[in-house]
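J.:
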Amino acid sequence: MNIYEIREQYPILDRKIEGRPLVYLDNAATSQTPRCVVETINDMYYKHKANVHRGVHTISQEATNLMEATREKVRRFINAKSTSEIIFTRGTTEAINLVASSFGDTLYTGDEIILTVMEHHSNIVPWQLLQRNKRLKIHVVPINSNGELDLNAYEDLFTENIRFVSMTHVSNVLGTINPVKQMIEIAHRYGVPVLVDGAQAAPHMKIDVQDLDADFYCFSSHKMYGPAGVGVLYGKEKQLSRMVPYQGGGEMIGNVTFEKTTFAELPYKFEAGTPDFVGIAAFGAAIDYIEGLGIDNIASHEQLLLDAATSQLMEIEGMRIFGTSEHKEGVISFLVGDINSYDMGVLLDKLGIAVRTGHHCAQPLMKRLGVTGTVRASFALYNTLEEVTRFTQAVARVAKMF
Ligand SMILES: *Cc1c(COP(=O)(O)O)cnc(C)c1O
């Protein structure tokens with residue numbers, strides 16, 4: 003990969019912040035978007051904008067074809083069996099809410115589910131909302147001091163009351179890559195279906211939902227160089243077909259009368275209303291872009307950045323890195339001495355470095371780590387080793403100021 007050529011695709015990377023070149027290291031919150039994706043958005047508005055699925059006219063068919071082409075690209079990207087298993091949502095959050103609501107409908111008071119302590123709030127709160135009606139019991143898998151899940155504790159949780167497992171593939175705070183394949187296999191031994199939150203995995207590694215044997219898998223376009231407002235829920239046909247729709251409206255019906263309504267086939271049953279066909283088409287361009295570069299090339303480049311950043315940060319006195327698993331992605335959470343994460347973030351911004359600070363939508367994990375927040379740097383395919391050095395030198399400089 004020629005990073006300098008790649009960077010030309012991202013005008014935002016030329017910006018100056020406080021007179022210094024931007025170093026964008028907040029990719030776990032959202033990645034930047036290359037020209038080819040933005041051009042697809044323009045093309046959709048300039049040439050192909052018509053409502054999808056209902057029109058006989060040419061432009062409506064073009065818009066429909068462009069949207070459905072993305073569904074096939076997503077299917078191939080994660081190796082799903084069929085496009086009927088690919089549901090477009092607004093993002094990971096909506097995908098999890100869909101499952102918590104629709105699969106949740108099949109749960110009863112007294113049923114129990116398993117989450118992990120490293121979940122993003124969007125894989126905690128939907129289950130708590132469900133819990134209000136169903137009085138579910140929620141179990142939480144703990145982590146060890148490296149930030150890895152305790153698999154023995156996980157397996158010990160399984161009793162006949164466990165009905166569902168929902169867990170993240172990669173922690174957005176610790177960077178830990180969880181052994182989801184093994185964890186799914188354990189759950190399946192007890193007949194329990196599993197949802198995997200792939201928001202931090204899909205942009206960075208090859209996903210094969212059939213190999214993982216995941217029952218549900220979800221991710222967001224905006225973290226994968228695509229536009230905001232689009233996400234994917236993959237679900238096994240076996241699971242989706244027995245679930246009731248999440249929302250009602252246009253596009254998701256077979257036949258409507260005031261006496262009785264039938265639902266559309268999968269996947270449309272779960273796609274009420276006019277979808278973001280512009281964003282979905284552009285997400286297709288983002289998948290082409292990732293596949294063009296090669297997800298393995300992206301992963302090894304990001305690993306290089308992670309290793310360099312980690313060893314440089316470790317040189318700084320008082321450095322504490324949260325998440326030291328061997329199986330880790332390009333995310334580093336840290337604190338230096340007793341410098342507040344917010345103060346560090348503000349001062350790094352003055353030096354042109356964009357990082358995230360605070361609880362990263364994972365307050366239960368912060369509590370487990372015994373902190374209120376961390377500073378988080380996260381890498382994408384367009385980051386360079388020079389940027390890593392500028393970042394670590396800036397952290398060292400800020401650390402000295404205190
Ligand atoms: C970002 C993120 C989410 C939420 O994704 P949205 O795009 O905001 O819906 C969920 N889980 C993890 C692990 C994330 O990093």
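Per my numbering, residue 3 is the first one in the sequence shown, and the count goes up by one each step.
Quick reminder that beta carbons are idealized off the backbone N, C-alpha and C, glycines included.
As the structure is a prediction and not an experimental result, all values here were calculated from the model.
1) Quick one, are the C-beta atoms of Ser380 and Val348 less than 8 angstroms apart?
2) Starting from Thr326, follow its DSSP beta bridges and name the residues at the other end.
3) Are there 16 or more other CB atoms within 10 angstroms of the CB of Asn67, so buried, or fewer, so exposed?
4) Sort Met245, Gly286 and Ile115 by Cα distance to Thr108 and report the nearest one.
5) Buried or exposed: which applies to Gly286, given that a residue is buried once 16 or more other Cβ atoms fall within 10 Å of its Cβ?
6) Near Gln212, which residues of its chain fall below 6 angstroms by C-beta distance, leaving aside the five closest residues on each side in sequence?
7) Grab me the residues of Ile8's own chain with a C-beta within less than 6 angstroms of its C-beta, minus the 5 sequence neighbours each way, in chain order.
8) Could you tell me the distance, in whole angstroms, from the CA atom of Thr161 to the CA atom of Tyr248?
9) Look at the Cβ atom of Ile282, then the Cβ atom of Tyr227, and state whether they are nearer than 8 angstroms.
10) Out of His141, Gly106 and Lys352, point me to the one whose CA is closest to Met120's CA.
11) Under 7 angstroms: does the beta carbon of Lys170 sit that close to some heavy atom of ligand 1?
12) Is the beta carbon of Ala30 within less than 7 angstroms of some heavy atom of ligand 1?
13) Hey, how far is the Cα of Asn135 from the Cα of Phe272?
14) Give every residue of the same chain whose Cβ lies closer than 6 angstroms to the Cβ of Asp290, excluding the five residues on either side of it in the sequence, and list them in chain order.
15) Quick one, are the C-beta atoms of Ala216 and Ile186 less than 8 angstroms apart?
16) Would you report the Cα separation of Thr376 and Met316, rounded to the nearest angstrom?
17) What does DSSP give as the partner residues of Met321 in its beta bridges?
18) Would Pro229 be called buried (16 or more neighbouring beta carbons within 10 Å of its own) or exposed?
19) Within 7 angstroms: the Cβ of Gly93 and any heavy atom of ligand 1?
T.: Looking at the atomic coordinates:
1) Contact: no.
2) According to DSSP, Thr326 bridges with nothing at all.
3) exposed
4) Met245
5) Counting Cβ neighbours within 10 Å, Gly286 comes out buried, since at least 16 surround it.
6) Asn81
7) Tyr384
8) Thr161 and Tyr248 have their C-alpha atoms some 28 angstroms from each other.
9) No, they are not a contact pair.
10) His141
11) A quick correction: the sequence has Thr, not Lys, at residue 170. Checking every heavy atom of ligand 1 against the Cβ of Thr170, one is found closer than 7 angstroms.
12) Yes, the beta carbon of Ala30 sits closer than 7 angstroms to at least one heavy atom of ligand 1.
13) For Asn135 and Phe272, the distance between alpha carbons rounds to 22 angstroms.
14) None.
15) Less than 8 angstroms separates the beta-carbon of Ala216 from that of Ile186.
16) Taken atom to atom, the span from the alpha-carbon of Thr376 to that of Met316 is near 16 angstroms.
17) Val338
18) buried
19) yes
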